Each structure stands twice: as structure tokens, then as C-alpha cells.
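Participant: Position one of the sequence shown corresponds to residue 148 (our numbering), numbered consecutively onward.
Glycine residues also receive a C-beta, built at the ideal position from the N, C-alpha and C atoms.
Values in this document were obtained by computation on a predicted structure and should not be read as measured data.
This is the structure I want to talk about, given as C-alpha cells.
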Amino acid sequence: MTYNYLYFGKGGPNPPKVAILLEELGIPYEAIVVPLSDESGAIVEYLIDQYDTGHQFSFPAGSAESYHAKQYLFFQVSGQGPYYGQAAWFKAFHPEKLPSAIARYVGKINRVTGVLEGILKKKAEEGMKEGAWLVGNKYSYADIAFVSWLTVVLKIHATDEFNPEDYPHVKAWIDRILERPAVQAGYLSMELCEEKRERACA
């Protein structure tokens, strides 16, 4: 199997979903920090098409589930990512504190998370075994896509702005994902790469 390189921007929440999928698929890689550039959603699609031919984390092409999974990936890259990103920017990085901007985007992250809560609650009520997943009653790349922003948001926003206890099905879903060894390995590879870069720049 070819050895791969994962180039990613330091501190960004999007590369972990690629690292997690590489770990889940058992694809060897080395993480390398570079300026932010490529679209992580397109990378996820490429990895699924090229390496998940047995549909362990995806669904047969043309099936209803395959389109539902794409729907959730597009929702993540066009809805969750931009809104969570703007909320993080105005809360933690913008040089001027703009309460109206913070309030707007905090409202958006709660709205997006509320949509996910409703979906997962409905699936749980349908009696999914081992907890609810977004598509096809199994853990897939659609679930992987959302995890990193939902962990980052807890580090930036106080619970009076975003309280995970308000979204019990989302919280249980993310907790199940974070328990997976490949997910933990994906995050660890990012952390080790950043530590290596920081030592080299010291």
C-alpha cells in the first residue's frame, strides 16, 4: 500500500476528520503542518471512493444511503463548518469584540446542533441498536465529518452560550465516536505533528 501524507493547517478543526478516516481505513500516513488550503470534504470523498470499496464506512454507489451520506457531508462543510468557524473567530480571535456578531454565530451553532439533535433523537426513537448514527444504522464518514467541530466548540464557548447537555443525543453520539481507537489515533497524530513542528521552530 502506498504511504500517504496528510498536509494540514495548525489548529484547524477540519483535518482531524481526514486523519480519523485514514485511521479507520487503515491507510498509513504522515501528518505534516502546512498553511490551510485544500477542502477536507473533497478529501473525504476521495478517500471513500478510492479506499472504502467494501463500504465499511460508506454505502454502495447509487443507493439511497449513499446520497444521504453525501447530504450530511455537504451540510457539514456548508453549514456546520462555516457557522462554527465564524463563532470561533468572533469569540476567540477577532481583535475587536463584537457582541452582535458573537450572538449571531452562537445562535447559528445552536441551530445547527439542534438540527442534528432532532435527527438523532428521531433515529433513537426508531430503536437503533448501539445508539443512533446519521445514515443506514451504522457509523460512517457522515458521522466522522461532524466530530471535530463539535469538540472544538466546547473549548471556545462557555456553557451559557453552548451547553452540550441541551443536546443529549448529540452528546451521546459524539462520545461514542470519540471512544473509537481510530478516532483517538487520528487526533493523536495531529497533536504529535504540531508538537514536532513547534519544537523545530523553537
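Under the rule that 16 or more other beta-carbon atoms within 10 Å means buried, what is residue 225, buried or exposed?
Facilitator: Reading the sequence shown from its first residue, position 78 is the one you call residue 225. Looking at its Cβ environment, which holds fewer than 16 other Cβ atoms inside 10 Å, residue 225 is exposed.
Participant: To which residues does DSSP link residue 312 through a beta bridge?
Facilitator: The residue labelled residue 312 in the question sits at position 165 within the sequence shown. When beta bridges are read from the DSSP output, residue 312 appears opposite no residue.
Participant: Return the residue from the list 235, 290 and 278 that minimises the CA-CA distance to residue 191.
Facilitator: Position 44 of the sequence shown, counted from the start, is the residue given in the question as residue 191. Comparing Cα positions, the closest option is 290.
Participant: Less than 7 Å between the beta carbons of residue 333 and residue 163, yes or no?
Facilitator: Here the question's residue 333 lines up with position 186 in the sequence shown. Here the question's residue 163 lines up with position 16 in the sequence shown. Between residue 333 and residue 163, the CB-CB gap stays under 7 Å.
Participant: With distances taken from CA atoms, which of 335, 254, 295 and 199 is nearest residue 320?
Facilitator: Translated into positions along the sequence shown, residue 320 becomes position 173. Residue 295 is the option with its Cα nearest to residue 320.
Participant: DSSP three-state call for residue 178: helix, strand or coil?
Facilitator: Sequence index remark: in the sequence shown, residue 178 carries index 31 (1-based). Strand.
Participant: Which two residues bound the contiguous alpha helix (DSSP H) that contains residue 305?
Facilitator: For the purposes of this step, residue 305 is identified with residue 158 of the sequence shown, where counting begins at 1. No alpha helix (DSSP H) contains residue 305, which DSSP labels as neither H nor E.
Participant: Assuming residue 199 contacts residue 172 (C-beta within less than 8 Å), just tell me the rounded distance between them.
Facilitator: Walking along the sequence shown from the start, residue 199 turns up at place 52. Walking along the sequence shown from the start, residue 172 turns up at place 25. Right, their Cβ atoms sit about 6 Å apart.
Participant: Counting pairs of beta carbons, one from the stretch 233-247 and one from the stretch 264-273, are three or more of them closer than 8 Å?
Facilitator: no
Participant: With distances taken between CB atoms, is the gap from residue 202 to residue 282 smaller than 7 Å?
Facilitator: Walking along the sequence shown from the start, residue 202 turns up at place 55. Walking along the sequence shown from the start, residue 282 turns up at place 135. Not closer than 7 Å, so no.
Participant: If you draw a straight line from the alpha carbon of residue 252 to that of residue 211, how long is it in whole angstroms?
Facilitator: Within the sequence shown, numbered from 1, the residue matching residue 252 stands at position 105. Within the sequence shown, numbered from 1, the residue matching residue 211 stands at position 64. Roughly 32 Å between the two C-alpha positions.
Participant: So, for residue 317: in the same chain, excluding its five sequence neighbours on each side, which residues have a beta-carbon less than 8 Å away from its beta-carbon?
Facilitator: Counted from its first residue, the sequence shown places residue 317 at position 170. Here the set comprises 260, 263, 264, 267, 297 and 311.
Participant: Are residue 351 and residue 287 closer than 7 Å when you measure CB to CB?
Facilitator: Since the first residue of the chain shown is 148 and the last is 349, residue 351 is not available in this structure.
Participant: So, is residue 331 buried or exposed, given that buried needs 16 or more other C-beta atoms within 10 angstroms?
Facilitator: As a first step, residue 331 must be located in the sequence shown, where it is residue number 184. Per the 10 Å Cβ criterion, exposed.
Participant: Mapping the DSSP letters down to three states, classify residue 244 as helix, strand or coil.
Facilitator: As a position in the sequence shown, residue 244 is number 97, starting the count at 1. Coil at residue 244, not helix or strand.
Participant: Who are residue 282's beta bridge partners in DSSP?
Facilitator: For this step, residue 282 is matched to residue 135 along the sequence shown. DSSP lists 285 as partners of residue 282.
Participant: Which of the three DSSP states, helix, strand or coil, is assigned to residue 323?
Facilitator: Your numbering for residue 323 matches position 176 in the sequence shown. Reduced to three states, the DSSP call for residue 323 is helix.
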